[in-house]
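In terms of our numbering, the sequence shown opens at residue 107 and continues consecutively.
From the three backbone atoms N, C-alpha and C, an ideal C-beta is built for every residue, glycine too.
What you are looking at is a predicted structure, and each value in this text was computed from that prediction instead of being measured.
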Amino acid sequence: MKIKFVSNGPNGEVYHGETYVNPAYFFIKAFYMLHGKTADVEWLPCDFTMLDTYAVQLEQIIADKPDVVALSVYVWNESHQMRLSRDIKQALPHTVIVLGGPQLIAHKETETDYFDRHPYVDYVCYGDGELAFQLLIDRHSGALPASTPLINMVENLKPGYHLWPFEIIADKEYLDTSSFLIQKEDVTDSVNSLIARGIPKNKIVMAIEFARGCMYSCSFCDWSQNLTKKVKRRNQDWKAELDFFHDLDIMVREADANFGQWPQDLEIFDYGISLYDPNRIFKFRVHNTPKLKKEATYHLMYTQSLLYDFRAHVSLQDIDDQVLANINRPSVSWADHVELIQRLSNNLPEGKKHLVGVQLIIGLPGQTYKSIINMYQELYRIGVRQGAVNLWVYLDNSPAADPDYQRLHRLKWIDAYILIKPEFEVENLDELYAELSTGIVDPNTWTKLKIVRSNSSMQFRDVMKAQLFRQYFSKLTGGLEKPTLDEEQLQALTAELNERVEREVSHTLDAYAESMEKYDLVTFGTYSDGKITRVFVD
């Protein structure tokens, strides 16, 4: 039996030139190595990222004739993966198509709606996939009876469907085992394959997991598909795991929601940091720090910035208490955040102070264009010179998908095609929108996301203005080489940028208006002289 995994994560052009390796393939395969019952399973190479054109990838999968194709579905690749699933099933009708990932909602829909829309899909996995896939593979191979119950699967019965029960991963042997260490050869071969395809070794980042799940319910987040708020910690030999990646000499990052929440996390981090050698590629990086543990966050961020110039981005989303309450965001006080940010800036050497930044989301209920500009100014006053500022993206399994929440905050959404490239030439806007409306686009040019169109306090114009203002403001105030503005200069710059942003957004939306209305989508970028220019989205 041949198994093909297709992760199709975003390529390096999206994330500052880096390619992140989704570890799900190694997790699923490791569990099967421990508990699978089919002797002749062949695991075909995983497509971790979109390195080929759609046609080339499809042709290769069809040529391999896999018995099972498993596709990871995320917000950035949903259209691509659905199209691929359909075309594989058309060419190989007996191949079993299984989807998994946080973007899927088959377990939430009634009757057969999901499979009416996607009849080419045989199973949708929700929640933890390790045991679910082992049972499915063994049932289809004949190693288990066809009547064997499944878990964490929605099965297309054609007609009808069956929703199998949900379970949280609890297998002690698996949780005590490093998925990477028991398949070192496959991990090494996978990394070498990416390098052979042109991805620089120093741009490959492997995600590793120490705890699964998140105890919080932020309205914008779909961590664990919001199926549970329990956190399950692994007990693998993490020292040996980090030693392996150190010897392999690639970067690794945590795949946890709140790394630093537990004392062992800091022990893991300190050991990973101890392996750092500035003459080698290996770094252990932490992106997702604990939301309520300021001292742990300081230690993680300060150490990484000091050693290898990693950005110290404090996760805020907003600084207003009411906005944070609207999104159910746990947070230390703004005063504590100010102290943390200023301590980071004060203690880092002069050449590294510019690394201190924040993470924000634009389009949250309670925000206004004016409040966002005021927030940018306040962050500038306390020494922040950069940030990761994201549009609020709709996620089907986030609390914000609840109809009552959407009615409360009058939330509306729109499909947005966001440029990966800096600029895109357009001969005819309406023809471009008609092409995009098919959902068949070049993933190396466009990323499709459903973003906030309006809420109770903002309109789409405000969202676009806020993001464009940030782009110009960051360019003019970021970095140590820029002079520090006094309050009068800061207000003058703000007024000048407001005027520029209003002019450019008005021109763009006037050009977009007819096509936006006709196709109910938007190309999120400014438009002028037959070109769409990317408005920076982290």
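Discussion item. Is it buried or exposed, LYS476, if we count other Cβ atoms within 10 angstroms and call 16 or more buried?
Written reply: By one-based count along the sequence shown, residue 476 stands at place 370. For LYS476, the number of other beta carbons within 10 angstroms of its own is below 16, and it is reported as exposed.
Worksheet item: Does the beta-carbon of LYS624 have 16 or more other beta-carbons within 10 angstroms, so that it is buried, or is it exposed?
Response: For the purposes of this step, residue 624 is identified with residue 518 of the sequence shown, where counting begins at 1. Exposed: under 16 other Cβ atoms inside 10 Å.
Worksheet item: Of all the options THR583, VAL611, ILE301, ILE109, which has the alpha carbon lying nearest to the alpha carbon of GLY489?
Response: Taking the first residue of the sequence shown as position 1, residue 489 is located at position 383. Nearest option by C-alpha distance: THR583.
Discussion item. Which same chain residues end up closer than 6 Å to TYR229 when comparing Cβ atoms and leaving out the 5 residues on each side of it in sequence?
Written reply: Mapped onto the sequence shown, residue 229 falls at position 123. Excluding sequence neighbours, TYR229 sits near VAL204, MET259, GLU261.
Discussion item. In whole angstroms, give me the CA-to-CA distance for GLU148 and PHE390.
Written reply: As a working note, residue 148 is residue 42 in the sequence shown. As a working note, residue 390 is residue 284 in the sequence shown. About 32 Å.
Practice prompt. Check whether the Cβ atoms of LYS309 and GLY123 lie closer than 8 Å to each other.
Written response: Position 203 of the sequence shown holds residue 309. Position 17 of the sequence shown holds residue 123. Yes.
Discussion item. My output table needs one value for ASP626: the three-state DSSP class, helix, strand or coil.
Written reply: Indexing the sequence shown from 1 puts residue 626 at position 520. The answer is coil: DSSP assigns ASP626 none of H, G, I, E or B.
Item to complete: Compare the beta carbon distance of GLU360 and PRO129 with 8 Å and say whether it is the shorter of the two.
Response: Against the sequence shown, residue 360 aligns to sequence position 254. Against the sequence shown, residue 129 aligns to sequence position 23. No, these two residues do not count as a Cβ contact at 8 Å.
Worksheet item: What are the uninterrupted segments assigned as alpha helix (DSSP H) that are 4 or more residues long and contained completely in the segment 180 to 252, given in chain order?
Response: 184 to 197, 219 to 223, 236 to 247
Practice prompt. Using beta-carbon positions only, say whether LEU398 and VAL337 come within less than 8 Å of one another.
Written response: Position 292 of the sequence shown holds residue 398. Position 231 of the sequence shown holds residue 337. No, they are not a contact pair.
Discussion item. Looking only at its chain, what residues have a beta carbon closer than 7 Å to the beta carbon of TYR126, apart from the 5 residues adjacent to it on each side?
Written reply: Counted from its first residue, the sequence shown places residue 126 at position 20. GLY115, VAL311, ALA313.
Worksheet item: Rounded to a whole number of angstroms, what is the C-alpha to C-alpha distance between SER543 and LEU627?
Response: The count along the sequence shown starts at 1 and reaches residue 543 at position 437. The count along the sequence shown starts at 1 and reaches residue 627 at position 521. Approximately 7 Å between the Cα atoms of the pair.
Practice prompt. Report yes if the C-beta distance between GLN331 and GLY206 is below 8 Å; otherwise report no.
Written response: On the sequence shown, residue 331 is found 225 positions in, with the first residue counted as 1. On the sequence shown, residue 206 is found 100 positions in, with the first residue counted as 1. No, the pair does not count as a contact, with Cβ atoms beyond the cut-off.
Fill in: Rounded straight-line distance, which links the Cα of VAL181 to that of ALA161
Counting from one through the sequence shown, the residue named residue 161 turns up at place 55. Counting from one through the sequence shown, the residue named residue 181 turns up at place 75. ALA161 and VAL181: Cα-Cα distance of roughly 21 Å.
Worksheet item: In or out: ALA252 buried (at least 16 other Cβ within 10 Å) or exposed?
Response: Residue mapping note: residue 252 aligns to position 146 of the sequence shown, counting from 1. Exposed: under 16 other Cβ atoms inside 10 Å.
Worksheet entry | Residue from THR283, ASP219, VAL202 with nearest C-alpha to PHE683 | For the chain, the structure presents residues 107 to 644; residue 683 sits outside this window and is missing.
Worksheet entry | Nonlocal neighbours in the same chain, by C-beta distance under 7 Å from ASN561, ignoring five residues either side | Here the question's residue 561 lines up with position 455 in the sequence shown. Contacts found: GLY469, PRO471, HIS515, ARG516, LEU517.
Fill in: Residues of its chain near ILE387, where Cβ-Cβ distance is below 8 Å and the 5 sequence neighbours each way are ignored
Walking along the sequence shown from the start, residue 387 turns up at place 281. Within the same chain, LYS307, ASN308, ASP355, ILE356, MET357 come within 8 Å of ILE387 by CB-CB distance, once the 5 residues on both sides are set aside.
Worksheet item: Straight-line CA distance for ARG640 to ALA617?
Response: Along the sequence shown, read from residue 1 onward, the residue named residue 640 stands at position 534. Along the sequence shown, read from residue 1 onward, the residue named residue 617 stands at position 511. Roughly 16 Å between the two C-alpha positions.
Item to complete: Would you decide whether LYS637 is buried or exposed? Buried here means 16 or more other CB atoms lie within 10 Å of its CB.
Response: Within the sequence shown, residue 637 is the residue found at index 531, counting from 1. The residue is exposed, with fewer than 16 neighbouring Cβ atoms inside 10 Å.
Worksheet item: Start and end of the alpha helix (DSSP H) containing ASP349?
Response: If you number the sequence shown from 1, residue 349 lands on position 243. It spans 344 to 354 - the alpha helix (DSSP H) in which ASP349 sits, taken as one unbroken run.
Worksheet item: Around the C-beta of ASP153, are 16 or more other C-beta atoms found within 10 angstroms, so that it is buried, or is it exposed?
Response: As a position in the sequence shown, residue 153 is number 47, starting the count at 1. By the 10 Å Cβ count, ASP153 comes out buried.
Worksheet item: In whole angstroms, what is the alpha-carbon distance linking SER621 and ILE433?
Response: The residue given as residue 621 occupies position 515 in the sequence shown. The residue given as residue 433 occupies position 327 in the sequence shown. Taking C-alpha positions only, SER621 is separated from ILE433 by approximately 32 Å.
Discussion item. Suppose the cutoff is 7 Å on Cβ atoms and the five residues either side in sequence are ignored; what does the same chain contact list for GLY631 look like?
Written reply: Taking the first residue of the sequence shown as position 1, residue 631 is located at position 525. For GLY631, where only same-chain residues beyond five positions count, the Cβ hits under 7 Å are LEU525, ILE638, THR639, ARG640, VAL641.
Worksheet item: Under 8 Å, do GLY366 and ALA402 count as touching if we go by C-beta distance?
Response: Indexing the sequence shown from 1 puts residue 366 at position 260. Indexing the sequence shown from 1 puts residue 402 at position 296. Between GLY366 and ALA402, the gap from beta carbon to beta carbon is short of 8 Å.
Worksheet item: Roughly how far, in whole angstroms, is the beta-carbon of LEU422 from the beta-carbon of HIS443, given that I think they are within contact range, below 8 Å?
Response: Position 316 of the sequence shown, counted from the first residue, corresponds to residue 422. Position 337 of the sequence shown, counted from the first residue, corresponds to residue 443. With a Cβ gap of about 6 Å, LEU422 and HIS443 count as contacting.
Practice prompt. Could you please give the first and the last residue of the uninterrupted alpha helix (DSSP H) stretch that includes HIS141?
Written response: Here residue 141 refers to the residue found at position 35 when the sequence shown is read from its first residue. Run containing HIS141: 130 to 141, per the alpha helix (DSSP H) assignment.
Discussion item. Beta-carbon within less than 6 Å of SER634's beta-carbon, same chain only, minus the 5 sequence neighbours each way: which residues are those?
Written reply: Numbered from 1 along the sequence shown, position 528 holds the residue referred to as residue 634. Contacts found: none.
Discussion item. I'd like the ranges of any beta strand (DSSP E) spanning at least 3 consecutive residues and lying wholly in the segment 408 to 440.
Written reply: 418 to 423
Worksheet item: In terms of residues, what are the limits of the alpha helix (DSSP H) holding LYS581?
Response: Start at 1 with the first residue of the sequence shown, and residue 581 comes out as number 475. Counting along the chain, the alpha helix (DSSP H) containing LYS581 begins and ends at 566 to 583.
Discussion item. Determine whether the beta carbon atoms of ALA507 and LEU555 lie at a separation below 8 Å.
Written reply: Translated into positions along the sequence shown, residue 507 becomes position 401. Translated into positions along the sequence shown, residue 555 becomes position 449. The answer is no: Cβ separation not under 8 Å.
Worksheet item: Skipping 5 residues on each side, what residues in its chain have a beta carbon closer than 6 Å to that of ARG339?
Response: Indexing the sequence shown from 1 puts residue 339 at position 233. These residues qualify, in order along the chain: ALA317.
Item to complete: Return the bridge partner residues of ALA661 from the DSSP annotation.
Response: Past the edges of the chain, shown from 107 to 644, lies residue 661, and the structure says nothing about it.
Worksheet item: With distances taken between CB atoms, is the gap from LYS498 to ILE557 smaller than 8 Å?
Response: Walking along the sequence shown from the start, residue 498 turns up at place 392. Walking along the sequence shown from the start, residue 557 turns up at place 451. Per the sequence shown, residue 498 should be read as Trp rather than Lys. Contact: yes.
Worksheet entry | the segment 276 to 285 touching the segment 135 to 144, judged by at least three CB pairs closer than 8 Å | yes
Discussion item. I'd like the list of long-range same chain contacts for GLU184, defined as Cβ closer than 8 Å, with 5 residues on each side in sequence excluded.
Written reply: If you number the sequence shown from 1, residue 184 lands on position 78. Same-chain partners within the cutoff: GLN209, LYS554.
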